[in-house]
């Protein structure tokens, strides 16, 4: 599988993204219609057709991102012994719609597929950082054998932290996401006691899960992401392959 020719899809249907999503219905076992798929992807960075995103798409074509991503995927799949999944690449939404900071990339991982959203001018190392992060999710989901509806807030936090720790392992701190540097460790310990210690077992289906993960509604920005990275960053020596299978609760026992 690997990188799918979404470039060819967009040649035909760039301005009709919902029509494009018809091709993805079978990957969701026909449980979602094309409109639902598109709106789910929109929440995670998928483009809306306009002049800015058209320019982004043209830039991605000139930059050969489909070929470069395939090379990266082939390398990491072999290195990690990971599953062979389809990868769907699309332009990132217009940057003006991200209200906290300008992003060059975003992604969405499932156990059996991967979506990557690239911004205009994205560097190859940024593509690699995104691929490492999102493909780590794929591998962990593949190995955990746990229904995502049963995921707790702690499971999600640890998943994000481990994925970003792996980016740092291969590419160094320069390519870590900005949210890894938002708070000092003493502040994160305080936030854990204040906001998360009693709530980390809530299920992914609980509306409070995303509120705490992203730090909305008055909670510290990116609270769950930052706390997850804090929990895994200083953990004992941990191989990448073990990071696919280690249980989330082990990070609370130190």
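In full-length UniProt numbering, the protein residues as written are 1 to 254.
Just so you know, even glycine gets a beta-carbon here, dropped at the ideal spot from N, CA and C.
Secondary structure note for residue 163: its alpha helix (DSSP H) is the uninterrupted segment 153 to 171. By the neighbour-count definition (other C-beta atoms within 10 Å, threshold 16), residue 207 is an exposed residue. The C-alpha of residue 134 lies about 8 Å from the C-alpha of residue 115.
Of all alpha-carbon atoms in 120, 106, 28, 217, the one lying nearest the alpha-carbon of residue 132 is that of 106. Linking residue 164 to residue 176 through their CA atoms gives a straight-line distance of about 7 Å. With distances taken between CA atoms, residue 153 lies nearest to 223 out of 120, 223, 14. By the Cβ rule, the stretch 216 to 232 does not count as touching the stretch 118 to 129, because fewer than three pairs are nearer than 8 Å. For the pair of segments examined, the stretch 4 to 15 was found not to touch the stretch 67 to 81: the number of CB pairs separated by less than 8 Å stays below three. Within the same chain, no Cβ atom closer than 7 Å to the Cβ of residue 11 is found once the five residues on either side in sequence are excluded. In the structure shown, the three-state DSSP call for residue 45 is coil. Secondary structure note for residue 227: its alpha helix (DSSP H) is the uninterrupted segment 223 to 233.
Residue burial annotation: residue 227 is buried, with at least 16 other C-beta atoms found within 10 angstroms of its C-beta.
Here residue 186 is exposed: its Cβ has fewer than 16 other Cβ atoms, across all protein chains shown, within 10 Å.
Linking residue 1 to residue 92 through their CA atoms gives a straight-line distance of about 22 Å. By the CB criterion at 8 Å, residue 25 and residue 35 fall outside the cutoff. Between residue 88 and residue 6, the CB-CB gap stays under 8 Å.
The C-alpha of residue 61 lies about 28 Å from the C-alpha of residue 166.
In this structure, the alpha-carbon of residue 149 lies about 18 Å from that of residue 43. Under the DSSP definition of a beta bridge, residue 91 partners with 118. In the DSSP annotation of this structure, the continuous segment of the alpha helix (DSSP H) that includes residue 71 starts and ends at 65 to 80. Straight-line spacing of the CA atoms in residue 168 and residue 233 works out to 10 Å.
When the five nearest sequence neighbours on each side are left out, the beta carbons in the same chain lying within less than 8 Å of the beta carbon of residue 55 are those of 120, in order along the chain. Taking all protein chains shown into account, residue 47 has 16 or more neighbouring C-beta atoms within 10 Å of its C-beta and is therefore buried.
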